[in-house]
Amino acid sequence: MLARVGALYHDIGKMKHPTYYTENQSTGINPHDELSSKESARIITNHVIKGVEIARKNNLPDRVIDFIRTHHGTSVVYYFYMQEKKAFPDEEINRQDFSYPGPKPFSKETAILMMCDSVEAASKSLKDPTSAKIEAFVENIINKQIEEGQFLNANITFKEIESIKKVLKHKLANIYHLRIEYPE
Numbered sequence: 454m455l456a457r458v459g460a461l462y463h464d465i466g467k468m469k470h471p472t473y474y475t476e477n478q479s480t481g482i483n484p485h486d487e488l489s490s491k492e493s494a495r496i497i498t499n500h501v502i503k504g505v506e507i508a509r510k511n512n513l514p515d516r517v518i519d520f521i522r523t524h525h526g527t528s529v530v531y532y533f534y535m536q537e538k539k540a541f542p543d544e545e546i547n548r549q550d551f552s553y554p555g556p557k558p559f560s561k562e563t564a565i566l567m568m569c570d571s572v573e574a575a576s577k578s579l580k581d582p583t584s585a586k587i588e589a590f591v592e593n594i595i596n597k598q599i600e601e602g603q604f605l606n607a608n609i610t611f612k613e614i615e616s617i618k619k620v621l622k623h624k625l626a627n628i629y630h631l632r633i634e635y636p637e
């Protein structure tokens with residue numbers, strides 16, 4: 454129940470600038486086209502800070518605010534980070550300019566939300582999904598989070614992470630109406 458409530462509130466900070474998020478860009482106009490990569494990353498990462506402000510102003514419980522604070526951990530807004538690297542290939546790009554403020558998830562529930570949110574958001578970019586592509590896609594996203602140490606403060610086991618991966622693969626297969634490929 455806690456994870457479900459956290460999932461409902463984790464992105465409330467996007468209400469401050471909704472058109473900067475792709476899920477709200479139905480007109481084909483992207484305001485990021487007018488900004489630098491650093492400015493875009495700052496707007497995107499600020500939805501966490503704005504979300505905490507909104508939650509506190511509305512007296513949401515700290516346990517719910519934890520989901521808002523941690524759902525991206527200290528990860529990098531990779532798209533804009535790579536855009537900056539491409540625009541300035543000879544310069545050292547500071548990853549901190551493109552990173553969420555954190556903290557990293559520190560409970561099992563907040564870690565689960567981070568995995569689910571990342572997979573769901575990235576799944577919108579899947580082209581011609583197959584069972585094999587979905588399998589690799591989920592593995593890559595969550596393994597990268599593990600490599601970055603995003604779950605080190607959360608009380609979650611590798612066995613539980615594997616279970617979550619399995620559920621996410623199954624859910625994506627259902628969303629894309631794929632049949633499970635059984636080995637012969």
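The opening residue of the sequence shown carries number 454 in our numbering; numbering runs sequentially from there. Using N, Cα and C, we set each Cβ at its ideal position, and we do this for glycine too.
Secondary structure at Val530: coil, using DSSP grouped into helix, strand and coil. If you draw a 10 Å sphere on the C-beta of Gln549, you find fewer than 16 other C-beta atoms in it, and that means exposed. Contact annotation: Ile617 and Met568 have beta-carbon atoms nearer than 7 Å. Nearest Cα to Val458 within the set Tyr532, Lys510, Pro514, Lys586: Pro514. Between the segment 602-618 and the segment 537-545 there are fewer than three inter-stretch CB-CB distances shorter than 8 Å, so the stretches are not counted as touching.
Annotated three-state conformation of Ser489 is coil, per DSSP. Bridge pairing for Ser552: Val529 [DSSP].
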